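Colleague: Mind having a look at this structure? Questions to follow.
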Amino acid sequence: MEHATNANVSAAEIARFGKLATGWWDPNGESRPLHDLNPVRAGFIADRITLRGARVADVGCGGGLLSEALARAGAQVTGIDLGEKVIGIARLHLYESNLSVDYRVQGSHELALAEADTFDAVCCMELIEHVPDPAALVQDLARMVKPGGRVFMSTINRTPLAFGAAIVGAEYITRMLPRGTHHYAQFLKPSELGALLRRAGLELDEVKGLGYNPLSRKAWLTGMTQVNYILAATRPA
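Using this note's numbering, read the sequence shown as starting at 49 and increasing by one per residue.
This is the structure we're talking about:
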């Protein structure tokens with residue numbers, strides 16, 4: 049675990065996701081929505097950069113679902129997370145997948161300081177709504193990526209519809225996610241996240257909604273961003 053005083057992390061969040069670690073790779077377990085959304089997220093990235101040979105950071109990688117998908121597409125992936133248990137699961141799964149990913153128990157600030165201007169792409173999926181200081185996280189992502197490189201993020205919008213779908217629906221009615229996984233006040237509107245990106249010196253290129261039907265387990269890109277959304281930004285060359 050990173051012990052730096054400036055670690056942008058909530059101990060409660062680390063503990064919550066640590067409880068999910070052993071079932072992370074079970075497509076029918078508590079991480080089921082991540083499995084269903086992962087191909088769409090990976091496809092969004094693959095359609096916008098050349099992954100083969102690219103150096104990619106997966107910030108808040110969890111058990112490695114996105115990291116492995118990017119590595120399978122030919123990227124050199126560094127996956128970081130402050131959860132020791134989930135990184136342990138991610139490393140173990142490499143024995144099954146026979147892929148190569150550099151997994152580290154490391155915070156975004158530490159990686160940004162050590163390897164600034166290094167990555168062709170930086171991915172940060174479903175993390176920003178869980179950190180105490182979203183602006184600091186975005187600054188870290190901007191520092192990691194090379195000039196001309198891309199930053200990809202996904203999160204949940206702060207709307208009544210998102211509250212109903214991501215909290216009431218997913219945590220209380222269908223119980224697809226453990227109660228307390230999300231906190232409505234920490235959700236960011238696309239305009240707010242766009243402002244954080246611009247403040248960090250990034251240019252927002254594109255925002256797409258992520259549609260998801262938990263009954264059919266189908267996920268897709270959509271123009272509707274009121275619940276989940278994914279975006280691409282560029283660090284100017």
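All C-beta atoms in this analysis are idealised placements derived from N, C-alpha and C, irrespective of residue type, glycine included.
Keep in mind that this is a model prediction, so the values were computed, not measured.
Span of the alpha helix (DSSP H) holding M192?
Modeller: 182-192
Colleague: If you follow the alpha helix (DSSP H) that K133 is part of, which residue opens it and which one closes it?
Modeller: Annotation: the continuous alpha helix (DSSP H) that includes K133 extends over 132-145.
Colleague: Using beta carbons (cut-off 7 Å, strictly below), is G122 in contact with chain B?
Modeller: This model lacks chain B altogether; it includes just one protein chain.
Colleague: Does the Cβ-Cβ distance between A192 and A160 come in under 7 Å?
Modeller: In the sequence as displayed, the identity of residue 192 is Met instead of Ala. Going by C-beta atoms, M192 is nearer than 7 Å to A160.
Colleague: For E208, does the three-state DSSP call read helix, strand or coil?
Modeller: One point to set straight first is that residue 208 is Pro, not Glu, in the sequence displayed. Helix at P208.
Colleague: Exposed or buried, which one is K266 when buried takes at least 16 other CB atoms within 10 Å?
Modeller: Classification of K266: exposed, given that the 10 Å Cβ count is below 16.
Colleague: Considering V255, what are the terminal residues of the beta strand (DSSP E) in which it resides?
Modeller: 251-261
Colleague: The alpha helix (DSSP H) spanning N86 covers which residue range?
Modeller: 80-94
Colleague: Taking DSSP as the reference, what is the three-state secondary structure of R103?
Modeller: strand
Colleague: With contact counted as at least three CB pairs below 8 Å, one residue from each stretch, are the region 134-147 and the region 156-176 in contact?
Modeller: no
Colleague: Give the secondary structure of Q274 by DSSP, where H, G and I count as helix, E and B as strand, and everything else as coil.
Modeller: coil
Colleague: Just how far apart, CA to CA, sit G271 and L279?
Modeller: 12 Å
Colleague: Enumerate in chain order the residues of its own chain whose CB-to-CB distance from Q124 is below 6 Å, with the five nearest sequence positions on each side excluded.
Modeller: Around Q124: R103.
Colleague: With a threshold of 8 Å on Cβ separation, who are the neighbours of P87 within its own chain once the five nearest residues in sequence on each side are excluded?
Modeller: A117, A267
Colleague: For V107, which option in G136, S79, I176, N76 has the closest C-alpha, if you only look at C-alpha atoms?
Modeller: I176
Colleague: Could you round the C-beta distance between G249 and R283 to whole angstroms and report it? I think they count as a contact, below 8 Å.
Modeller: That pair is a contact at about 7 Å.
Colleague: Under 7 Å between the Cβ atoms of G111 and I137?
Modeller: yes
Colleague: Alpha carbon to alpha carbon, how far is A190 from I128?
Modeller: 16 Å
Colleague: Would you mind working out which of R247, S239, R198 sits nearest D95, comparing C-alpha positions?
Modeller: R198
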